[in-house]
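In what follows, a structure is listed as structure tokens, so that the remarks can point back to it.
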Amino acid sequence: MRRLWHDFQAHKWAAVLFLAYWLATLAVSFVTGNGGIPDRVVVLLLTTPLLAGFLVGWWRASTPEHAARSRDRIGGGMMAGVLSAEITLLVMRTGIVAEVIGWVRGWEFFGQWGEVLEFTVVAGVLGAVLGLVGAVISMVLDRVRRQRRPVRFT
1202 MRRLWHDFQA HKWAAVLFLA YWLATLAVSF VTGNGGIPDR VVVLLLTTPL LAGFLVGWWR
1262 ASTPEHAARS RDRIGGGMMA GVLSAEITLL VMRTGIVAEV IGWVRGWEFF GQWGEVLEFT
1322 VVAGVLGAVL GLVGAVISMV LDRVRRQRRP VRFT
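Start counting at 1 in the sequence shown, then tack on 1201, and there's your number in the numbering used here.
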């Protein structure tokens, strides 16, 4: 976690842009969610862990002063993916906070804690997988970028 926080501190502008993207996806889910979230919006929400894994995998690329191992990049990408998926599930319109509020107010069909646990586990697994995919994509693109040689016109 400390290393992930250091990554965000070292790349503040990219982290702020990622935060803006995440907030925009949440806004779309709030606006379009009417008794449920449309499939297109679910796919949009799933891009957040993918992007988080990609960014952390890219940020942890080898630099001259520090050589990052692949497992650090993959582990960081998976951690970022899980965190972004779980935090999204927590605060989205039909998420855990809404479930708790509905349960406290005594609304019908709220307080289904078994289903909340299932969704939390599924969101964590999906976040880990998508974070892994994002980190691997960043590693592949980094390798392609490093192997590309400038074209010389002679």
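Note that the Cβ used here is the ideal one computed from N, Cα and C, for glycine as well.
Since this is a predicted model, take the numbers as computed values, not measurements.
- P1250 carries a helical assignment under DSSP once its states are collapsed to helix, strand and coil.
- Straight-line measurement puts the Cα of M1293 at about 8 Å from the Cα of A1299.
- In the three-state scheme derived from DSSP, where H, G and I count as helix and E and B as strand, E1309 is classed as coil.
- For I1338, same chain residues with a beta-carbon under 7 Å away, outside a window of 5 residues either side, are F1255 in chain order.
- DSSP places H1207 inside the alpha helix (DSSP H), whose first and last residues are R1203 to A1211.
- Look at the beta carbons and you see the segment 1205-1225 touching the segment 1242-1254: at least three pairs across the two are nearer than 8 Å.
- The beta-carbon separation of R1274 and A1336, rounded to 5 Å, stays under the 8 Å limit for a contact.
- When DSSP states are grouped into helix, strand and coil, R1294 belongs to the coil group.
- Take the alpha-carbon of W1304 and the one of F1311: they are about 5 Å apart.
- Look at R1344 here: in three-state DSSP terms it is helix.
- For V1330, the closest alpha carbon among the candidates V1257, I1288, V1244 and M1279 is that of M1279.
- Taken through DSSP and simplified to helix, strand or coil, I1238 comes out as coil.
- Cβ-Cβ separation between T1233 and V1242: approximately 5 Å, consistent with a contact (criterion under 8 Å).
- When I1297, W1308, L1333 and L1342 are compared, the shortest CA-CA separation from T1321 is found for I1297.
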